[in-house]
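Have a look at the structure below before the remarks.
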Amino acid sequence: MRYEERMKQRLEALRARGKARILAIESSCDETAAAVVEDGRVMRSNAISSQIALHALYGGVVPEIASRMHVEAVDPMIEQALSQAQMGFDDIDAIAVTYGPGLVGALLTGVASAKALAYALDKPLIPVNHIEGHVSANYIAHPDLEPPMVCLVASGGHSHLVRVDHYGEYTLLGQTMDDAAGEAFDKVARVLDIPYPGGPLLDKLAEEGDDHAYRFPKVTTEGKYDFSFSGLKTAVINQAHKLRQQGHKINAQDFAASFRRAVVDVLAGKAVAAAQESGCGNLALAGGVAANRLLRREIQRRGEAAGLKVFMPPAILCTDNAAMIASAAFYRMMRGELAGLDLNAQPSLRLIEG
Ligand code: KG4
Ligand code: ZN
Numbered sequence: 189m190r191y192e193e194r195m196k197q198r199l200e201a202l203r204a205r206g207k208a209r210i211l212a213i214e215s216s217c218d219e220t221a222a223a224v225v226e227d228g229r230v231m232r233s234n235a236i237s238s239q240i241a242l243h244a245l246y247g248g249v250v251p252e253i254a255s256r257m258h259v260e261a262v263d264p265m266i267e268q269a270l271s272q273a274q275m276g277f278d279d280i281d282a283i284a285v286t287y288g289p290g291l292v293g294a295l296l297t298g299v300a301s302a303k304a305l306a307y308a309l310d311k312p313l314i315p316v317n318h319i320e321g322h323v324s325a326n327y328i329a330h331p332d333l334e335p336p337m338v339c340l341v342a343s344g345g346h347s348h349l350v351r352v353d354h355y356g357e358y359t360l361l362g363q364t365m366d367d368a369a370g371e372a373f374d375k376v377a378r379v380l381d382i383p384y385p386g387g388p389l390l391d392k393l394a395e396e397g398d399d400h401a402y403r404f405p406k407v408t409t410e411g412k413y414d415f416s417f418s419g420l421k422t423a424v425i426n427q428a429h430k431l432r433q434q435g436h437k438i439n440a441q442d443f444a445a446s447f448r449r450a451v452v453d454v455l456a457g458k459a460v461a462a463a464q465e466s467g468c469g470n471l472a473l474a475g476g477v478a479a480n481r482l483l484r485r486e487i488q489r490r491g492e493a494a495g496l497k498v499f500m501p502p503a504i505l506c507t508d509n510a511a512m513i514a515s516a517a518f519y520r521m522m523r524g525e526l527a528g529l530d531l532n533a534q535p536s537l538r539l540i541e542g
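Numbered per the working numbering, the sequence shown spans residues 189 to 542.
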């Protein structure tokens with residue numbers, strides 16, 4: 189029997205059992221990660237090798253360097269994930285991998301490794317969308333959380349507001365018309381001389397600042413739940429240049445706090461309104477920007493005031509990791525989804541077609 193035929197049978201057996209230990213690989217951007225998660229919920233290991241320090245030298249992710257670093261790090265991360273989980277390959281039921289969206293060369297490293305492992309070990313291969321992975325980090329952090337829920341996914345590459353109708357089924361409520369929220373954080377951080385990726389450091393700086401000190405324009409969008417950060421970003425950067433030209437010294441803490449407030453007010457306001465309107469009662473947060481302290485506080489405060497149950501993963505599961513990919517893979521597996529050995533990277537993969 190061919191590999192593909194055997195795996196269909198194996199997948200059916202796993203679905204019937206409703207249990208699986210999944211080893212996942214994530215390499216879509218600048219983190220090489222591998223993790224083992226049981227039944228989509230129980231994290232046995234979460235190995236992450238970050239390339240951030242290297243890319244910081246260039247002020248952003250250099251795709252060619254990212255691909256090379258993934259090649260070097262992927263095997264050690266898989267070994268680390270297994271040893272942390274105190275498991276061998278025999279204990280694993282299926283292999284999962286992020287196949288998009290992301291940088292093509294970076295994705296290909298993970299996809300090639302996962303295919304080689306799946307074939308050599310004779311295990312099913314499950315393809316995972318990176319954004320769905322971010323959403324699924326909530327299933328690990330909150331074992332009782334089940335769809336439906338509204339989820340705000342804000343990262344360096346994406347800003348989406350989605351309704352999760354069932355596992356693996358999404359309705360798009362809104363998205364960014366231009367820059368992602370994380371991208372705006374990183375670009376504004378640059379004018380404050382904060383090294384890449386500026387989001388986490390800008391957030392830290394903002395904790396000490398006065399968020400009323402500088403005034404930035406309010407952002408409007410046509411779609412009720414859409415976002416736009418490009419205009420705000422440009423206005424903020426222009427204001428910094430203008431102030432400096434006029435000989436004023438910028439108070440970095442106040443500037444960071446005022447900008448962070450402007451972004452968080454939009455994200456939290458729309459996320460809470462969308463969750464209220466959806467009537468499902470659950471609001472979850474995901475993606476690298478979900479690590480932002482003010483966003484976490486505001487979502488908690490406004491969400492609870494609106495009578496919603498609020499969920500958010502710990503910061504380590506908000507930024508890129510493979511545990512979230514293994515969790516998403518479990519639910520994909522339960523839906524009968526399987527990749528063949530012809531699986532390819534899809535840099536522009538979408539969460540919702542249309
Ligand atoms: O999800 P992620 O690790 O990678 C992508 O899929 O893009 O998100 C990385 C993004 C970066 O733009 C980073 O600056 C931002 O998330 N980020 C933050 C914080 N931590 C990470 N932005 C604001 N505040 C933070 N604490
Ligand atoms: Zn991500």
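Note that beta-carbon positions come from the ideal geometry of N, C-alpha and C, so glycine has one too.
Pairwise C-alpha distance: residue j and residue i
i    : j    : result
R203 : L245 : 46 Å
D414 : L455 : 10 Å
A241 : F373 : 18 Å
N470 : F499 : 8 Å
R378 : K458 : 27 Å
H243 : G386 : 12 Å
V225 : A511 : 6 Å
Y519 : E541 : 19 Å
T359 : L340 : 12 Å
T297 : R485 : 37 Å
H322 : R481 : 18 Å
A450 : V352 : 27 Å
A445 : A423 : 15 Å
P331 : Q441 : 37 Å
Neighbour-count burial assignment, residue i, 16 or more Cβ in a 10 Å radius
i    : result
I504 : exposed
M189 : exposed
A208 : buried
A394 : buried
D367 : buried
F277 : exposed
S216 : buried
V376 : buried
heavy atom of the ligand ZN below 8 Å from residue i C-beta
i    : result
H348 : no
D508 : yes
S216 : yes
S343 : yes
H318 : yes
Residue i in three-state terms, based on DSSP
i    : result
C339 : strand
P315 : strand
V407 : coil
T422 : helix
K458 : helix
T297 : helix
M275 : coil
M231 : strand
Residues near residue i in its chain [Cβ-Cβ closer than 6 Å; skip 5 each side]
i    : result
A463 : V338, L471, L496
F443 : Y402
A494 : V460, Q464
beta-carbon residue i near the ligand KG4 non-hydrogen atom, thresh 8 Å
i    : result
L390 : yes
L483 : yes
N480 : yes
V323 : no
E371 : yes
7 Å CB neighbourhood of residue i in its chain, flanking five on each side removed
i    : result
M265 : T220, A221, A222, A235, S237
Y384 : H243, A244, G247, G248, D374
N317 : G288, L537, L539
Same chain, Cβ closer than 8 Å to residue i, neighbours up to 5 away in sequence not counted
i    : result
P535 : G288, P289, G290, L291, V292, L295
N509 : E214, E219, A221, A223, N234, I236, A325
is_contact[residue i, chain D] using C-beta, thresh 9 Å
i    : result
Y287 : Structure shown: chain D not included; a single protein chain is present.
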